[in-house]
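Engineer: If you count by the numbering used here, then the sequence shown holds residues 264 to 347, one letter each, in order.
Before I ask anything, let me first share the structure, which is written out below as structure tokens.
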Amino acid sequence: MPTSDLEYTSFLIRLWREPPNAGEPQAASREWLVQVEHIPDGKKEYFSSLEDLFAFIRAQLPGVPVGEEAGGQGSMGAEEQRGG
């Protein structure tokens, strides 16, 4: 594909969990937190769910289908993406 036809964007995604509170067992269920930075414009957002993270990313990508009809593999199946 010629470079002039290529469209792309970049995101930096950080995921973390806060340490347990004093007296709380180490294995206690703790929520994962997410920060995503849209590299081209530097916009940063914070989320506590992957669904919200994916909604933010979809909003940055014009033309990407939203909802059930979007599927999980885009236009290629998992086998094609792995090169098999």
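Glycine included, each C-beta is placed from N, C-alpha and C at the ideal position.
Because the structure is a prediction, the values reported are computed rather than measured.
Does DSSP classify E314 as helix, strand or coil?
Structural biologist: The answer is helix: DSSP assigns E314 an H, G or I state.
Engineer: Going by DSSP, what residue range makes up the beta strand (DSSP E) through V327?
Structural biologist: Premise fails: V327 is in no beta strand (DSSP E) and is neither H nor E.
Engineer: Determine the DSSP secondary structure at I276, reduced to helix, strand or coil.
Structural biologist: If DSSP states are grouped into helix, strand and coil, I276 belongs with the strands.
Engineer: Taking buried to mean at least 16 other C-beta atoms within 10 Å of its own C-beta, is V299 buried or exposed?
Structural biologist: Counting Cβ neighbours within 10 Å, V299 comes out buried, since at least 16 surround it.
Engineer: What span of residues does the beta strand (DSSP E) with E300 cover, start to end?
Structural biologist: Its beta strand (DSSP E) spans residues 296-301.
Engineer: Which residue or residues does DSSP assign as beta-bridge partners of E308?
Structural biologist: DSSP lists V299 as partners of E308.
Engineer: What's the C-alpha gap between I302 and R293?
Structural biologist: So the two alpha carbons sit approximately 28 Å from each other.
Engineer: For S273, which residues of its own chain have a beta-carbon under 6 Å away from its beta-carbon, when the five flanking residues on both sides are left out?
Structural biologist: Correct list, in chain order: I302.
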